[in-house]
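Protein chains in written order, with the numbering used here: chain A, 307 to 706; chain B, 307 to 706; chain C, 346 to 717; chain D, 346 to 717. Notes follow the structure.
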Amino acid sequence: MDIKFSKEEQEFHDEIDEFLQRELPEGWADKPVTWPHDYASSGYQEQGDSDLAEAFLEKVIEKGWVKAFWDIGAERQAYSNMQQAIFDERMSYYRAPTMNSVTTGIVAPMLLRVGTKEQKEKWLPIIASGEATFWLGYSEPNAGSDLGSVRTSAVEDGDDYILNGQKCWSSGAHLTDYSWMIVRTDQEARKHQGLSFFIVDNKTPGIKMDPVINILGDHSFNNVFLDDVRISKDNLIGGKNRGFYNLMTALDYERICLVGIGGFKRMFEEIRDYVKATSHDGRPLSEKPSIRNKMARIATRIEVNYMLFWRTAEMLDRGEDPNVESSILKLTATELARDMAEIAMEILGPYGQITGNSERAPIRGLVSRGFLESISATIGAGTSEVMRNIIAQRGLGLPR
Amino acid sequence: MDIKFSKEEQEFHDEIDEFLQRELPEGWADKPVTWPHDYASSGYQEQGDSDLAEAFLEKVIEKGWVKAFWDIGAERQAYSNMQQAIFDERMSYYRAPTMNSVTTGIVAPMLLRVGTKEQKEKWLPIIASGEATFWLGYSEPNAGSDLGSVRTSAVEDGDDYILNGQKCWSSGAHLTDYSWMIVRTDQEARKHQGLSFFIVDNKTPGIKMDPVINILGDHSFNNVFLDDVRISKDNLIGGKNRGFYNLMTALDYERICLVGIGGFKRMFEEIRDYVKATSHDGRPLSEKPSIRNKMARIATRIEVNYMLFWRTAEMLDRGEDPNVESSILKLTATELARDMAEIAMEILGPYGQITGNSERAPIRGLVSRGFLESISATIGAGTSEVMRNIIAQRGLGLPR
Amino acid sequence: MNLDFNEQQKILSDSAQEFLSKECPKELMRQRRDSSTEFNRELWKKMADLGWMGVAIDEDYGGSGGNFSDLAVLLEAMGEACLPAPFFSTAVIAATALQFSNTESTKTDLLPKIADGSLIFSYALIEPGNSYSIDNIKALAKKEGQGFSVSGTKLFVEYAQAADYFLTTAKLENNELVVLVIKADSAGIKIDPFGTLDFAGQCEVRMQNIKVPESSVLAIGDEAVAMLQQIELVSAAGKCVEILGCIQAVLDMSVTYVAGREQFGQIIGSFQSVQHHCANMAVEVDSTRYITRQAVWRIAQGLPANKEVAMAKSYASSAAVRVGKLGHQTHGAISFCDELDMHLYLRRAHAASIAFGDTEYYLEKVAVEIGL
Amino acid sequence: MNLDFNEQQKILSDSAQEFLSKECPKELMRQRRDSSTEFNRELWKKMADLGWMGVAIDEDYGGSGGNFSDLAVLLEAMGEACLPAPFFSTAVIAATALQFSNTESTKTDLLPKIADGSLIFSYALIEPGNSYSIDNIKALAKKEGQGFSVSGTKLFVEYAQAADYFLTTAKLENNELVVLVIKADSAGIKIDPFGTLDFAGQCEVRMQNIKVPESSVLAIGDEAVAMLQQIELVSAAGKCVEILGCIQAVLDMSVTYVAGREQFGQIIGSFQSVQHHCANMAVEVDSTRYITRQAVWRIAQGLPANKEVAMAKSYASSAAVRVGKLGHQTHGAISFCDELDMHLYLRRAHAASIAFGDTEYYLEKVAVEIGL
């Protein structure tokens, strides 16, 4: 037992921290951002921000951090999962612009794990350079929680596959370059056994994207229609009809990489500073016992989630499969995201309802935004109910 | 809409109230009692109490209140369900000794509803006089939540039935005279279709009762074994193989008659008086914001349960079937019983753990007792999970 | 005892639901989001023609002389329909204040115009840094000639940009509280809308030396305090009813959805976790319904209702968010899309849950009422 | 970073679990219920032979010089086994106090006897009307000759009737706090047992003019305060570990039961509501495990641990009751019978949850630690 960073980990942590303090644009963390662990991100509000973010990311790429996470020659990770976790924690704490986390947190490690040598050599460098970003082509109108019911079909045609079907809830599809898509390659096989993964270029003829506006009024989702989309067999990743098996691993990665654990701490600190600085009815909010109690509960749950976060990294480094543990993390972190928003709303009283486009909005309207955004947390990437099923069935061995 | 007692109801209420204040033994409500809505009652602790209770009940019977609930000649209820509810509320508020509520609240109305004229004439008078008291012969080792799986068999033999099998969790069987028992009269029929109700005298040869000690150390449950128990066909109630159908109605009655709604108010008032009179660390408990908040939440939920309680009485008086509504009442009241105990324990801190056999025990140890007793509340007479199933399936029409 | 609507209320309820389901599509809420300055005046006119604004106004002042229970029937239907219109501020708050007042000339002037739908009222009661308490009011009403000069800043003023009048509070120079009505087009009024979750177009209203006649004052001193207490009582109960309408709609939508949607080869409404979510919603809705009806009925009967309202509002306010969120959870991803109406209910239910006092505010009132 | 037991701790954990599963049947708890004056001294002897009492005592004082992490391994196994013995008061609390003290003669005298199992300690820290705070202590230690005369009343004294010594607190006449050890057989001590949920034989201990030598004083003034803070820190973390053992056992029992029991023609463990209860228990157990390990590890390393312990104890204390109750609910009626062990765990977990500060007490400490 050694519940602190090793010397090497601490140095890595400090290096990132110093880099972020130095390189992030002035006041970056105070720009309106999204609530921790939401699935509602929709790019930057202002063009200027987007440019700043790109300039910053150039520096991250230059630093070699993105590329360094995998050692392409040796076909393995170059940094430990703990180091990646430390990187994610610091980046999310500073609300730094990140490489698309679907790309670096799911697609890259999946390629590393199940891609061919050629596929790794083709995709990993352009992922590392930021040239290739991805969206997840999982959900369909009749395949939400039940991804075994995916119907989008891929039919062999010479050296190609022809794809037809529809994907939905496609977060950020319009902001990225490629899809990491699961489709049905065997129509005859039993439901879970005929699926495969493809990398699909958004620009391929036959692809049409319709925006879907979320409850915040933002365009984050898309309906994506595939009409005779022709894809080279080289883009089939991880073996034909091995898709559902690979999906299980990809979902583990997803549950870990989307946590953004540092964001919880940052958001909490902002709320804490606000209740210290603000009085209602002539009394500092921070002196109200009910508020002290609520804040302490949230702080404690954040700490619990930190521990559960480090645990999954440790397991990965030991070569273990954190299937259940990542589900526990996903469940607790997303429930916390919701509860933190609700509790912050309770603390702010009538002021909580003011949205970010007003000067009167506490903490730049983040709390009212979070109240809505956090709804997506316990639904996206597997509902809390599905997480509990996994914990009970795979973790505790109860019958399906 | 008229959310107060009618003139007639108010007079009835006041008459009971005055009677109770006059006739109850001095300090009766301060004797150690059980937690609201528990299923752990195990008779009186001291013989003296038991005698006082019997003397008091004589007066209730003299008053005609028990008998008056049904008009045997007219084969109908003599008092409205609202009046019965008022009676129950006052009796439970004063923690008055009651006629066994299984007998007056379930068996009597069931006889009135599905008994023959002869059966009514035979049983109702001796129920009214207190000579016949009943226990519920429902659960079996493999039929708990799933009462359709009852296996105890009744086989015709001339004018009799021969019963064989086992009943369990038989609350108070050792304290009463008869069983209101559901058994299987058709071995061939589908699970729910071969059941029937019998009245079974505890003294019938072939009946053996083994005590089961509950977690409070009390003898409240029994295992009852039936070995070639011969029962007259006259004791079959409500039609052969109509048992499961009748059970549904009997369960509705049970959910309503076991609430003891007044007990919640009484218990709450005792806790309230205690927090007003007691200081910890030099400060009255009643001044602590967290305690004020918790007490207010409990008071509000008690009020909600009162409303839900009156509602079921109203529905019965309108001739409606409060199947879902009684399940809602049972669910909310028993969850409240648990939460009130847990919250009271939180309020009392280290003092909450002291049990009733010590002078240091707050409120005569009722809270620590309730902490354990209330465990039975959300399990007995249908678990909270079964209640939610009923509400969803029968109330909202969702598929089984 | 009778917990249910009487025949007349049933008819009113049915007709209100029918009218609003036809005349008040959810697009009206989305229009408010996109432009919060105006609301649908046509619908307002039709509601006025139905006599809704005057339901609880005395016949002497142009109303139909019903009581608060009747008004509550409408508010429940409006909650269920997510009506975006200044009905609450006009027909509940302003009507309550004016009927409570002794300033006869103003009553005779304004109440009939409320009843016939020709006047829109808003209310401006909360000041920056304050919440629900009426202590610490900083707005000042200085005696000036026959009238007053009023200055101050108020927040959370709904439909301010559409209102003809504001009902507001101020302190006199002798520190007595006053409640007054102020014309929205008075010189010196500045209105800044700020965005809120419920699209109600809430505004910050700054008043600088607004000249008002003496007749604008509806109540002074103890009477003003009593009036504000009555407004709070009635408004809190009214908001409970609105919440009830909202969460009933959320439950209905959810049950319909889960009974139709399939996943894993099964109707999702057959999954026990989904059923239990729905059952929990149903319990909350029923609980809110009856605890609210008791509060409403007591107000309508003129009986003391502080405890009952405090219990109702503390319960309903927390049920509002619990049910709203459960509605989203049972719907899954589709509930995160603007196209589904679910979020409109959550927005409305949340706004109602904090209006005129949130859960904690009323729990403390309950604590006092139960003798703590 | 490494969140798991090291090799040596794994071996200790396995052997402790094995030993206790054999030597500590639940009947010992039921014996305590029926007679709370004594406990199983044979088992105590065996534990002492295994060196358990001295695990965290310096080698100089007869222990094996391990740290608090090692001791915690044992406490977890004891929680899992519901061990009814004064191990916590002796090997955790008294050993901590003595090792913290500078009263060398008393250390040299008592620590080796704790380590070899020949002394039983209890602690007497709470006074009537007080809870966890060390303010308001009323017991008085008057200077008398070379020693002190101690009077006062203490509550919640576990295993008082079996103890050789009490660790207790008093005020000097100059109002300074002292921590002292008092022989249980001193003249003037009166012990009244009262029943508590956990069958720990907690007692009220009244001291009237107990004569104690100067060497009984382990700490005075600021040092006494510091010692009590250290005791609270260590004990709170230790109780978290005990809770962890308890709730792990509750989860294991529940999963085994629901995987075997049939109702409605199905294994009840296949019902989603039962599965979700179990999943929620598993989440609580894991959460408690890691937040607790962090606190324990920091204490073992001598690092500042106030925040980590406050977080762990506030979390574990509420998880204790939540998991305990879920264990009962998943078992149904059988869990309400004495014959099932479930209630023993609830009793133990609850006692641990309030010992040395309950959820609210530690949440306020967390609030201070996070800068509020």
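Think of the CB as a built atom: it goes at the ideal place given N, C-alpha and C, for glycine as much as any other residue.
Does DSSP put lysine 546 of chain B in a helix, a strand or coil?
In this structure, lysine 546 of chain B counts as coil in the three-state DSSP scheme.
Between the Cα of serine 463 of chain C and the Cα atoms of C:Met398, C:Pro538, C:Glu684 and C:Arg692, which residue gives the shortest distance?
For the residues C:Met398, C:Pro538, C:Glu684 and C:Arg692, the minimum Cα distance to serine 463 of chain C belongs to C:Met398.
Kindly indicate the opening and closing residues of the alpha helix (DSSP H) around valine 616 of chain B.
The amino acid at residue 616 of chain B is misidentified as valine; the sequence shows tryptophan. Run containing tryptophan 616 of chain B: 595-623, per the alpha helix (DSSP H) assignment.
Tell me the residue span of the alpha helix (DSSP H) that contains arginine 490 of chain A.
Where arginine 490 of chain A is concerned, there is no enclosing alpha helix (DSSP H), although the beta strand (DSSP E) it sits in stretches over 484-490.
Could you name each continuous beta strand (DSSP E) segment of 3 residues or more that falls completely within the stretch 648-690 of chain B, going from the start of the chain to the end?
Counting whole runs of 3 or more residues, the stretch 648-690 of chain B contains no beta strand (DSSP E) stretch at all.
From this set, A:Glu593, A:His498, A:Gly703 and A:Leu642, which residue's C-alpha is nearest glutamate 679 of chain A's C-alpha?
Checked all of A:Glu593, A:His498, A:Gly703 and A:Leu642; the closest Cα to glutamate 679 of chain A is A:Leu642.
Please list the partners that phenylalanine 609 of chain D has in chain E, where partner means a Cβ-to-Cβ separation under 7 Å.
Checking the listed chains, one finds no chain E in this structure; the protein chains it contains are A, B, C and D.
For tryptophan 389 of chain D, I'd like the list of residues in its chain whose CB is within less than 7 Å of its CB, leaving aside the five on either flank, ordered along the chain.
For tryptophan 389 of chain D, where only same-chain residues beyond five positions count, the Cβ hits under 7 Å are Ala430 and Gly462.
Closer than 7 Å, Cβ to any Cβ of chain C: which residues of the stretch 602-619 of chain B, in chain order?
Correct list: Ala602, Arg603, Ala605, Thr606, Glu609, Val610, Met613, Leu614, Trp616 and Arg617.
How about glycine 569 of chain A: is its C-beta nearer than 8 Å to some C-beta of chain D?
Taking Cβ atoms only, chain D never reaches closer than 8 Å to glycine 569 of chain A, which makes this a no.
Are the stretch 438-452 of chain A and the stretch 359-379 of chain A touching, with three or more C-beta to C-beta distances below 8 Å?
Because the criterion of three Cβ pairs below 8 Å is not met, the stretch 438-452 of chain A and the stretch 359-379 of chain A do not touch.
Confirm, please, whether the CB-CB distance from glycine 625 of chain A to alanine 678 of chain C is below 8 Å.
The answer is no: Cβ separation not under 8 Å.
Just confirm the distance between the C-beta atoms of tyrosine 690 of chain D and cysteine 623 of chain D, as a whole number of angstroms; I'd bet it's less than 8 Å.
The pair is not a contact, with the Cβ atoms about 15 Å apart (cut-off 8 Å).
Thinking just about the alpha-carbon of each residue, which of A:Asn629, A:Glu631, A:Arg589 and A:Glu575 is nearest to the one in threonine 606 of chain A?
That would be A:Glu575, whose Cα lies nearest to the Cα of threonine 606 of chain A.
From which residue to which residue does the beta strand (DSSP E) around lysine 497 of chain B run?
First-last for lysine 497 of chain B: undefined, no H or E at that position.
List, from N- to C-terminal side, the alpha helix (DSSP H) runs of 4 residues or more that fit wholly inside the stretch 403-475 of chain D.
Entirely contained in the stretch 403-475 of chain D, the alpha helix (DSSP H) runs reaching 4 residues are, in chain order, 413-426, 440-445 and 449-460.
Residues of chain C with CB closer than 7 Å to the CB of proline 415 of chain B, please, in chain order.
None at all; the shortest Cβ gap to chain C is about 20 Å.
Nearest to glutamate 629 of chain D by alpha carbon, out of D:Leu685, D:Ala661, D:Lys499 and D:Ala696?
Answer by Cα proximity: D:Ala661.
Taking 8 Å as the threshold (C-beta atoms), are glycine 497 of chain D and leucine 512 of chain D in contact?
Contact: no.
Below 8 Å CB to CB, which residues in the same chain sit around valine 400 of chain C once its five sequence neighbours on both sides are set aside?
Excluding positions up to five away in sequence, the list reads Gly408, Ser409, Gly411, Asp415, Leu416, Leu419 and Ala436.
Is it buried or exposed for proline 342 of chain B, if we count other Cβ within 10 angstroms and need 16 for buried?
Per the 10 Å Cβ criterion, buried.
At a cut of 8 Å, does the stretch 570-590 of chain B reach the stretch 644-652 of chain B through at least three beta carbon pairs?
Output reads yes: the stretch 644-652 of chain B touches the stretch 570-590 of chain B.
Can you say whether threonine 453 of chain D is buried or exposed, counting buried as having 16 or more other CB atoms within 10 angstroms of its CB?
It is exposed - the Cβ of threonine 453 of chain D has fewer than 16 other Cβ atoms within 10 Å.
Short check: CB of alanine 545 of chain C to CB of tyrosine 510 of chain C, under 8 Å?
Contact flag unset, no.
Under DSSP, the beta strand (DSSP E) around tryptophan 441 of chain A begins and ends at which residues?
440-443 is the span of the beta strand (DSSP E), which, as asked, contains tryptophan 441 of chain A.
Would you list the one or two residues that DSSP bridges to leucine 501 of chain B?
DSSP lists B:Arg490 as partners of leucine 501 of chain B.
Between C:His688, C:Leu542 and C:Phe609, which has its C-alpha nearest valine 673 of chain A's C-alpha?
Here the closest residue by C-alpha is C:Leu542.
When you check each C-beta in the stretch 615-631 of chain C against every C-beta of chain D, which residues fall closer than 8 Å?
Answer set for the stretch 615-631 of chain C: Phe616, Gln617, Ser618 and His621.
At what residues does the beta strand (DSSP E) containing histidine 525 of chain B begin and finish?
Segment 525-538, the beta strand (DSSP E) holding histidine 525 of chain B.
Consult DSSP for asparagine 470 of chain B and reduce its assignment to one of helix, strand or coil.
If DSSP states are grouped into helix, strand and coil, asparagine 470 of chain B belongs with the strands.
At a Cβ threshold of 8 Å, is valine 711 of chain C touching chain A?
Judged by the 8 Å Cβ criterion, valine 711 of chain C is not in contact with chain A.
Measure the C-alpha to C-alpha separation of serine 459 of chain A and glycine 443 of chain A and round it to an integer number of angstroms.
Each residue's Cα considered, the two are about 13 Å apart.
Roughly how far, in whole angstroms, is the beta-carbon of phenylalanine 527 of chain A from the beta-carbon of threonine 482 of chain A, given that I think they are within contact range, below 8 Å?
So it is not a contact: roughly 13 Å between Cβ atoms.
Would you mind giving the Cβ-Cβ distance between methionine 554 of chain B and serine 633 of chain B, rounded to the nearest angstrom? I have them listed as a contact below 8 Å.
The Cβ separation is near 11 Å, so there is no contact.
Beta-carbon within less than 6 Å of phenylalanine 677 of chain A's beta-carbon, same chain only, minus the 5 sequence neighbours each way: which residues are those?
Result list for phenylalanine 677 of chain A: Ala647 and Met651, in chain order.
Closest to valine 339 of chain B by C-alpha separation, out of B:Leu702, B:Trp376, B:Gly662 and B:His480, would be which residue?
Per the Cα distances, B:Gly662.
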